[in-house]
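Residue numbers (the working numbering): 16 to 380.
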């Protein structure tokens, strides 16, 4: 009764106020509630977000480039002169071995490759920046291959090298198998020619049958690269959900397009993508809190360089713990299952960006 009386008195006081003041007082609780929700969302976003992209972007413009000269190269860790001399001699032997293995054609081609930006970029990722000038001068790592035999690749001068990377895992069946597939595929479509933007060849139906059976999906879509595939998936999610925000996790790689590259090297600030901490309960809370804004959550369920765990950071994809496997710890599996349940509850599409589990481990992933 006392509460009802207090509300009646408050309403009578509002009626006695001018119209504008009464409306403002009536709207104040609603505005305060909306502000509180907005502030909570921003605070939760700040806590759940990974600081790496922002910090790296800021530091990229502050930290000056530093490169070691050949004089300092071998003693950066304070090693005594005797140890430096041994390192210098070892590098010279390695350099001569590389030079001896490089034939005249390969040398000519490698000189030309130095002007190709793609090669320079790949080279930059392989050696820490401060050591690059000396390593580039001493070791010429380009391999211009024109044939393969068994597990070996053969360069333009006829030199053989054992391929231990398998095209970073793509060449999982070996060269002989894929050359056979290429030959059979060409024999089926050579009468049609390079008609890639017009009519479809009947071979597409055989491909679709196998892809849907292996993946366990109702439909498949064809793309020229992983970047293009993710861009298409994100666009479909945004169109069908009528939302704009994309969630990804620190350390994951979802392609070259600027929408998923918030760190250094991106010419624009990414406002429509949140990069959250991987394996973080706060990330799950954020997905629930902002579910009406999120079009999709992107995740790499099987990190190729870090099986069973998240990579160290966006800039460092591999560390000394890389040899630990998922057999010892099911933490990441549990994380993915929890993430799946959270997205289902929030009605947010979850996009698995990978090709390993669905096509290598078991039909259906």
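Even for Gly, the Cβ is constructed at its ideal location relative to N, Cα and C.
The structure displayed is predicted, hence computed values, not measured ones.
Give the DSSP-derived three-state secondary structure of residue 248 in the structure shown.
-> helix
Residue 172 and residue 158 closer than 7 Å at C-beta | no
What do you get for residue 85, buried or exposed, if any count of 16 or more other CB atoms within 10 angstroms of its CB means buried?
-> exposed
Report yes if the CB atom of residue 149 is closer than 7 Å to the CB atom of residue 88, and no otherwise.
-> yes
From which residue to which residue does the alpha helix (DSSP H) around residue 377 run?
-> From DSSP, residue 377 is part of no alpha helix (DSSP H); its letter is neither H nor E.
Could you pull out every residue in the same chain whose Cβ sits closer than 8 Å to the Cβ of residue 314, ignoring the five residues on either side in sequence?
-> 263, 264, 267, 351, 354, 365, 366, 367, 368
Would you identify the three-state DSSP class for residue 292, choosing helix, strand or coil?
-> coil
Assigned exposure category for residue 232 - 16 Cβ within 10 Å defines buried = exposed
Answer yes or no: does any C-beta atom of chain B fall closer than 7 Å to that of residue 271?
-> Structure shown: chain B not included; a single protein chain is present.
Take residue 145 as the anchor and find which of 78, 190, 129 has the nearest alpha-carbon.
-> 78
CA-CA distance, residue 287 and residue 297?
-> 19 Å
Classification of residue 261 by the beta-carbon crowding that lies within 10 angstroms, buried from 16 upward = buried
Going straight from the alpha carbon of residue 113 to that of residue 130, what length do you get?
-> 21 Å
Take the Cβ of residue 316 as the centre, count every other Cβ of all protein chains shown within 10 Å, and call the residue buried at 16 or more, exposed below.
-> buried
Buried/exposed call for residue 182, threshold 16 Cβ in 10 Å | exposed
Reduced DSSP secondary structure (H/G/I, E/B, other) of residue 254 = helix
Length of the line joining the Cα atoms of residue 254 and residue 214 | 28 Å
Give the single residue among 107, 115, 186 whose Cα lies nearest to the Cα of residue 153.
-> 107
Measure the alpha-carbon distance for residue 285 versus residue 249 and round it to whole angstroms.
-> 15 Å
What number of angstroms, rounded off, separates the C-alpha of residue 180 from the C-alpha of residue 46?
-> 59 Å
For the beta strand (DSSP E) that contains residue 160, what are its first and last residues?
-> 160-164
Under a three-way DSSP split, which group does residue 168 fall into?
-> strand
If you check the beta carbons only, do residue 65 and residue 292 fall under 7 Å apart?
-> yes
Three-way DSSP call (helix, strand, coil) for residue 153 in this model | helix
Short check: CB of residue 256 to CB of residue 218, under 7 Å?
-> no
Counting along the chain, where does the alpha helix (DSSP H) carrying residue 212 start and finish?
-> It is not in any alpha helix (DSSP H) - residue 212 carries neither H nor E in the DSSP assignment.
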